[in-house]
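Novice: First residue of the sequence shown: 9, per our numbering; consecutive thereafter.
Note that beta-carbon positions come from the ideal geometry of N, C-alpha and C, so glycine has one too.
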Amino acid sequence: MDALQAFLPPAKGFLPYYMLVTSILAVGNSMQNYMTLHYSRRLYTGQFVPNAALPAKTATFNPDDSTQKLVPASASSNSKGARTQDQVTPLAARLFGTYTVVSAIVRIYASYNLHVAPVYNITLWTYVVALAHFGSECFVYKTAHFAGPVALTFFFASVGIAWMTSQYNFYVEM
9 MDALQAFLPP AKGFLPYYML VTSILAVGNS MQNYMTLHYS RRLYTGQFVP NAALPAKTAT
69 FNPDDSTQKL VPASASSNSK GARTQDQVTP LAARLFGTYT VVSAIVRIYA SYNLHVAPVY
129 NITLWTYVVA LAHFGSECFV YKTAHFAGPV ALTFFFASVG IAWMTSQYNF YVEM
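(1) Just curious, the beta strand (DSSP E) that Leu139 is in, first and last residue?
(2) Is it right to say Ile116 is buried, meaning 16 or more other beta carbons lie within 10 angstroms of its own, or is it exposed?
(3) Within the continuous alpha helix (DSSP H) that includes Phe154, where are the two ends?
(4) In whole angstroms, what separates the C-alpha of Leu51 from that of Ala152?
(5) Quick check on DSSP: helix, strand or coil for Val180?
(6) Buried or exposed: which applies to Lys77, given that a residue is buried once 16 or more other Cβ atoms fall within 10 Å of its Cβ?
(7) Nearest CA to the CA of Lys158: which residue from Thr53, Val35, Gly21?
(8) Under a three-way DSSP split, which group does Val110 fall into?
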């Protein structure tokens, strides 16, 4: 146990351990994003069809370049029964994996340096960005549903935000 203790953050309280554990989980999530789309597809379960409302290609507009080229599949958007698809691609998975490992690195570093205000603040923002990302994917873009793995992500981000916001003065040395 003493050998393990040498690697744990020396800070007071439990927040550094929470951040270290969630960071280790995030590194694992990042690795899987580079190896398979399976787990990302468990998060981003929304089904989409081509947007029939987009105008045809012209000299100044290409529907394939539109961020609205796909719309959530529904009875009205998929009246012809077209094959639906998710928006998880190898590129999206690698980008998500890269973002996740960067967040994990910031949180690991912070778990050992919570007394430094800029480190504390930037780490808090990693949780805010994660919550905003998953919130927008669930409630704006409809690529994810609030259940299972997404709900767990909301939980971890919300706990991180609440904990860090409420304990700022306990950890940060002025």
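Specialist: So, from the data block:
(1) Stepping through the sequence shown from its first residue, residue 139 is reached at position 131. Unbroken run through Leu139 is the alpha helix (DSSP H), 125 to 147; no beta strand (DSSP E).
(2) Locating residue 116 in the sequence shown gives position 108, counting from the first residue. When all chains shown are included, Ile116 counts as buried.
(3) As a position in the sequence shown, residue 154 is number 146, starting the count at 1. It is not in any alpha helix (DSSP H) - Phe154 carries neither H nor E in the DSSP assignment.
(4) The count along the sequence shown starts at 1 and reaches residue 51 at position 43. The count along the sequence shown starts at 1 and reaches residue 152 at position 144. Cα-Cα distance, rounded: 6 Å.
(5) Position 172 of the sequence shown, counted from the first residue, corresponds to residue 180. Note: Val180 maps to coil in three-state DSSP.
(6) By 1-based counting over the sequence shown, the position of residue 77 is 69. Exposed: under 16 other Cβ atoms inside 10 Å.
(7) Against the sequence shown, residue 158 aligns to sequence position 150. Note on residue identity: the sequence assigns Val, not Lys, to residue 158. Nearest of Thr53, Val35, Gly21 to Val158, Cα basis: Thr53.
(8) As a position in the sequence shown, residue 110 is number 102, starting the count at 1. Three-state result, Val110: helix.
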